[in-house]
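**Student:** Those letters in the sequence shown? Residues 559 to 667, by our numbering.
Glycine included, each C-beta is placed from N, C-alpha and C at the ideal position.
Here the structure is a predicted model, which means the values were calculated and not measured.
Supplied in structure tokens, the structure appears directly below.
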Amino acid sequence: PPPAKAASSSSPAEAMAAGGGVMVETVDKFQGLDKDCILISLVRSNLTAEVGRLLRDWRRVNVAVTRAKKKLILVGSFRTLRNAHLLGSCLELIKARGWVVSLPNNALR
Numbered sequence: 559p560p561p562a563k564a565a566s567s568s569s570p571a572e573a574m575a576a577g578g579g580v581m582v583e584t585v586d587k588f589q590g591l592d593k594d595c596i597l598i599s600l601v602r603s604n605l606t607a608e609v610g611r612l613l614r615d616w617r618r619v620n621v622a623v624t625r626a627k628k629k630l631i632l633v634g635s636f637r638t639l640r641n642a643h644l645l646g647s648c649l650e651l652i653k654a655r656g657w658v659v660s661l662p663n664n665a666l667r
């Protein structure tokens with residue numbers, strides 16, 4: 559098949575239809591959708607390790623982590639995310655199974 563072209567569409571759904579292959583949406587827009595692979599960016603990190611509103615709402619967390627059919631990738635600060643009441647146990651399981659990939663200390667320089 560020909561390589562995917564950069565889509566100049568006005569919506570992610572139109573980009574998918576045009577062969578873009580990647581859909582970018584907010585958690586709320588994924589309600590009712592399932593995809594083979596979902597990458598969720600939870601990159602909030604701060605000195606007090608406080609999470610944002612998304613991770614305080616069990617309905618939104620449920621939508622976020624149940625949309626993937628085959629692979630779910632969470633990107634974020636483990637130190638911050640483990641303080642999220644709704645994700646704490648899940649993250650401990652992920653860590654215990656060796657599924658956490660840590661970046662080197664100088665990764666963001």
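1. Between the alpha carbons of Lys-550 and Asn-664, how many angstroms are there, rounded?
2. Give me the Cβ distance between Val-619 and Leu-645, rounded to the nearest whole Å; I'm assuming they're in contact under 8 Å.
3. Out of His-643, Arg-637 and Pro-662, which one is the CA nearest neighbour of Lys-653?
4. Taking just the CA atoms, how far does Glu-608 sit from Ile-596?
5. With 16 as the cutoff for other CB atoms within 10 Å, does Leu-666 come out buried or exposed?
6. For Val-658 and Asp-594, I'd like the C-alpha separation in whole angstroms.
7. For Lys-628, which beta-bridge partners are listed by DSSP?
8. By Cβ distance below 6 Å, which residues in the same chain neighbour Arg-611 in space, the five residues on each side in sequence not counted?
**Tutor:** Result, derived from the coordinates:
1. Since the first and last residues shown for the chain are 559 and 667, residue 550 lies out of range.
2. The sequence position of residue 619 within the sequence shown is 61, counting from 1. The sequence position of residue 645 within the sequence shown is 87, counting from 1. Sure, about 7 Å apart at Cβ, within 8 Å.
3. Sequence index remark: in the sequence shown, residue 653 carries index 95 (1-based). Lys-653 has its Cα closest to that of Arg-637, out of His-643, Arg-637 and Pro-662.
4. The residue you call residue 596 lines up with position 38 of the sequence shown. The residue you call residue 608 lines up with position 50 of the sequence shown. Straight-line Cα distance between these residues: approximately 24 Å.
5. As a position in the sequence shown, residue 666 is number 108, starting the count at 1. In the assembly as shown, Leu-666 is an exposed residue. Its beta-carbon has fewer than 16 other beta-carbons within 10 Å.
6. Translated into the one-based positions of the sequence shown, residue 658 becomes position 100. Translated into the one-based positions of the sequence shown, residue 594 becomes position 36. Here the alpha carbon of Val-658 sits roughly 20 Å from the alpha carbon of Asp-594.
7. For the purposes of this step, residue 628 is taken as residue 70 along the sequence shown, with counting starting at 1. DSSP output for Lys-628 lists no bridge partner at all.
8. One-based indexing of the sequence shown puts residue 611 at position 53. Shown here for Arg-611: not one same chain residue has a beta carbon closer than 6 Å to its own, the five before and five after excluded.
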